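Asks: With positions in the sequence shown counted from 1, the corresponding number in our numbering is that position plus 1125.
C-beta atoms are modelled at their ideal positions from N, C-alpha and C, and glycine is treated no differently.
Fair warning: this is a prediction, and the values are worked out from it, not measured in the lab.
Sharing a structure here in structure tokens format.
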Amino acid sequence: MDKRIELLAPAGNFEKLKTAFRFGADAAYLGGKDFSLRSFADNFSAEELRAAVEYAHARGKKVYVTANIFAKNADFAALADYFRYLQEIGAGAALVTDVGAFSLARQVAPKLPLHVSTQANTTNKYAAKFWQKQGAERVVLARELSLSEIAEIHEYCPGLELEAFVHGAMCVSYSGRCLLSNYFAGRDSNRGECVQACRWKYSVRAQREEGEGGECAVEEDGRGSYIFNSKDLNMLPHLDKLAAAGVCSFKIEGRMKSAYYLATAVNAYRRAQDGTLSVSAALEELNKVAHRAFTTAYALGDNAETIHYSDSQEAGTRAYVADVLEDGGAGAAGNTCALVQMRGRFRVGDTLEILSPSDSFNRAFAVEEMTSEEGERVEDAKLVMQKLRLRCPYPLRAGDILRKV
């Protein structure tokens, strides 16, 4: 795998930004408090945006900021200030959907690189060429494209960067243009307020003719009734094909997902890209965290099996139980116990596995001894967020994660 291809991770807050970079992302995309399609993520204040860009630059990485709502007239005065600010702080790019917002950014912040969001539904080479002529540095391709269509776009638009989603939740609507949330909850998906109504369980009812007894339920089949619930995208076995088609950035979805999910996904893709983990082992890693059934969507051609009918989500094969707060474990000079914070219940005798960007990755050990911060022995870590000293035979570093086998 070409190491020059960017691994791009989501960051719903500063903690997740740090997690993404620590586990190997080359760049992160995130949103400010306004103009983002993930309003319910923590997101970043103006000061935090500046700090995030500085944090990334200090590590040789990039931050892309979403401004990808479908803008209304009233948005433009504030949008102009926002684009100027992103240019001032040195953001790697702004992600834009709306053509008016794109035009505005070009006028008020001419040095700010612009990426066209997947919400713009770029599904053909002529649309991609249009955006390139307008000054777009990169287009985030619609999820509905096949590998051959991506290759055609790449050939037709030399010099245009192509970004493609490789992992995470899919939308049942065309590249995310959904109205279910508006209809059921009055929250506009295209303004960043999606309630993910497609993940709900539905029952179907038939309205009888007037006077015949009202409604009657329609029986569901054995697959269940999650009729709008898309499977999760997983392109890890096909990264080489995406690279050959001309994709320059592999994008992981999930600004609303946990830091644990993010660490697991970024770690698996980073190691698969670098060749330090086999494809089969990396796929096993992705199964360790909660997810929906996987799909390659339309990358390999038409696909009628993209809906996960049986349930909203399935549990991972590991349980997230602790965050490592301070370095410790074997090899840490003068400190044989790591300070961890309980995130899930575990006990003395349980086997824990290390999730880490270091060589301690996937090392497993039995919990033989742990104590409270006050030095009292603890047999059962059941107090929520309790800090514990945990003896481990392998080096642990702050930011590592422990999961129960």
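Are there 16 or more other CB atoms within 10 angstroms of the CB of Leu1527, so buried, or fewer, so exposed?
Replies: Buried.
Asks: Please state the DSSP three-state secondary structure of His1182.
Replies: Reduced to three states, the DSSP call for His1182 is helix.
Asks: Buried or exposed for Gln1398, please, with buried defined as at least 16 other CB atoms from any protein chain shown within 10 angstroms of its CB.
Replies: By the 10 Å Cβ count, Gln1398 comes out buried.
Asks: Residue range of the beta strand (DSSP E) that Asn1359 falls in?
Replies: Segment 1357-1359, the beta strand (DSSP E) holding Asn1359.
Asks: Looking at C-alpha atoms only, which residue of Leu1133, Leu1287, Phe1486, Val1465 is the closest neighbour of Asp1497?
Replies: Per the sequence presented here, residue 1497 reads as Ser, with Asp not at that position. Of the candidates Leu1133, Leu1287, Phe1486, Val1465, the one whose C-alpha sits nearest the C-alpha of Ser1497 is Val1465.
Asks: Are at least three pairs of beta-carbons, each pair with one atom in the stretch 1198-1209 and one in the stretch 1136-1147, less than 8 Å apart?
Replies: Because the criterion of three Cβ pairs below 8 Å is not met, the stretch 1198-1209 and the stretch 1136-1147 do not touch.
Asks: Using CA coordinates, which residue listed in Ala1183, Val1221, Ala1390 is at the minimum distance from Leu1132?
Replies: For Leu1132, the nearest C-alpha among the options comes from Ala1390.
Asks: Could you check whether the stretch 1169-1182 touches the stretch 1242-1249, counting it as contact only if at least three pairs of C-beta atoms, one from each stretch, sit closer than 8 Å?
Replies: Because the criterion of three Cβ pairs below 8 Å is not met, the stretch 1169-1182 and the stretch 1242-1249 do not touch.
Asks: Excluding five sequence neighbours on each side, which residues of the same chain lie with their C-beta closer than 6 Å to the C-beta of His1416?
Replies: Taken in chain order, the residues that qualify are Asp1357.
Asks: Quick check on DSSP: helix, strand or coil for His1433?
Replies: It is coil, neither helix nor strand.
Asks: Reducing DSSP to helix, strand and coil, say where Lys1376 ends up.
Replies: Strand, per DSSP.
Asks: Near Asp1448, which residues of its chain fall below 7 Å by C-beta distance, leaving aside the five closest residues on each side in sequence?
Replies: For Asp1448, where only same-chain residues beyond five positions count, the Cβ hits under 7 Å are Val1465, Gln1466, Arg1468, Ile1526.
Asks: Would you report the Cα separation of Tyr1445 and Phe1471, rounded to the nearest angstrom?
Replies: Cα-Cα distance, rounded: 10 Å.
Asks: Please classify Phe1255: does DSSP put it in a helix, a strand, or coil?
Replies: Here Phe1255 sits in helix by DSSP.
Asks: Give, in chain order, every unbroken run of the beta strand (DSSP E) that is at least 3 residues long and sits entirely within the stretch 1172-1232.
Replies: 1187-1192, 1218-1221, all fully within the stretch 1172-1232.
Asks: Over the uninterrupted alpha helix (DSSP H) stretch that includes Val1446, give me the two end residues.
Replies: Taken as a continuous stretch (DSSP letters only), Val1446 belongs to no alpha helix (DSSP H), being part of the beta strand (DSSP E) at 1444-1449.
Asks: With DSSP as the reference, please indicate the residues paired to Cys1462 in a beta bridge.
Replies: Beta-bridge pairing links Cys1462 to Arg1516.
Asks: I believe Ala1407 touches Ile1130 by the beta-carbon criterion, under 8 Å. Please report the beta-carbon distance rounded to the nearest angstrom.
Replies: Ala1407 to Ile1130, Cβ: 15 Å. No contact.
Asks: Below 8 Å, how does it come out for the stretch 1491-1511 and the stretch 1418-1433: are there three or more Cβ pairs, yes or no?
Replies: No, the stretch 1491-1511 is not in contact with the stretch 1418-1433.
Asks: Spatial neighbours of Arg1263 within its chain, please: CB distance less than 6 Å, with the 5 preceding and 5 following residues excluded, ordered by chain position.
Replies: His1240, Glu1286, Glu1288.
Asks: Quick one: Cα of Ala1429 to Cα of Ile1275, how far?
Replies: Looking at the two C-alpha atoms, the distance is approximately 20 Å.
Asks: Under the DSSP definition of a beta bridge, which residues are partnered with Pro1135?
Replies: Tyr1154, per the DSSP bridge assignment.
Asks: Could you round the C-beta distance between Val1509 and Lys1376 to whole angstroms and report it? I think they count as a contact, below 8 Å.
Replies: Going by Cβ atoms, the distance from Val1509 to Lys1376 rounds to 34 Å, so no, they are not a contact pair.
Asks: Quick one, which of Cys1517, Asp1151, Asn1193, Lys1141 has its alpha-carbon nearest Ser1374's?
Replies: Closest by alpha carbon: Asp1151.
Asks: Within the same chain, show all residues whose beta-carbon is closer than 6 Å to that of Val1473, passing over the 5 residues directly before and after it, in chain order.
Replies: If we look at Val1473 and ignore the five residues flanking it on each side, its Cβ neighbours are Val1492, Glu1504.
Asks: Mapping DSSP to helix, strand and coil, what is Ala1261?
Replies: Looking at Ala1261 - three-state DSSP - the assignment turns out to be coil, as it is neither helix nor strand.
Asks: Whole angstroms are fine: how far does the CA of Leu1174 sit from the CA of Glu1344?
Replies: Its pLDDT being 49, under 50, Glu1344 is placed unreliably by the model, and the measurement read from it follows with that caveat. Approximately 50 Å between the Cα atoms of the pair.
Asks: Taking Arg1516 and Cys1462 to be in contact with their CB atoms under 8 Å, please state how far apart those CB atoms are, rounded to whole angstroms.
Replies: Rounded, the Cβ-Cβ distance is 5 Å, consistent with contact.
Asks: Identify, in the order they occur along the chain, each residue of the same chain with its Cβ nearer than 8 Å to the Cβ of Asn1412, setting aside the five sequence neighbours on each side.
Replies: Once the five neighbours on either side are set aside, the close Cβ partners of Asn1412 are Gly1441, Thr1442.
Asks: Using a 10 Å radius around the Cβ and a threshold of 16 neighbouring Cβ atoms, would you call Glu1172 buried or exposed?
Replies: It counts as exposed.
Asks: Going by DSSP in three states, Arg1472 sits in which element: helix, strand or coil?
Replies: Of the three classes helix, strand and coil, the one that applies to Arg1472 here is strand, per DSSP.
Asks: Determine the extent of the beta strand (DSSP E) in which Leu1287 is found, giving its start and end residues.
Replies: Here the beta strand (DSSP E) through Leu1287 covers 1286-1294.
Asks: By a C-beta neighbour count over all protein chains shown, 10 Å radius and 16 as the cutoff for buried, is Ser1242 buried or exposed?
Replies: Buried, because 16 or more other Cβ atoms sit within 10 Å of the Cβ of Ser1242.
Asks: Which residue comes first and which comes last in the beta strand (DSSP E) that contains Thr1496?
Replies: It spans 1495-1497 - the beta strand (DSSP E) in which Thr1496 sits, taken as one unbroken run.
Asks: Do you know how far the Cα of Lys1236 is from the Cα of Ala1218?
Replies: Approximately 10 Å between the Cα atoms of the pair.
Asks: What do you reckon, are the CB atoms on Leu1477 and Val1530 nearer than 8 Å?
Replies: Contact flag set, yes.
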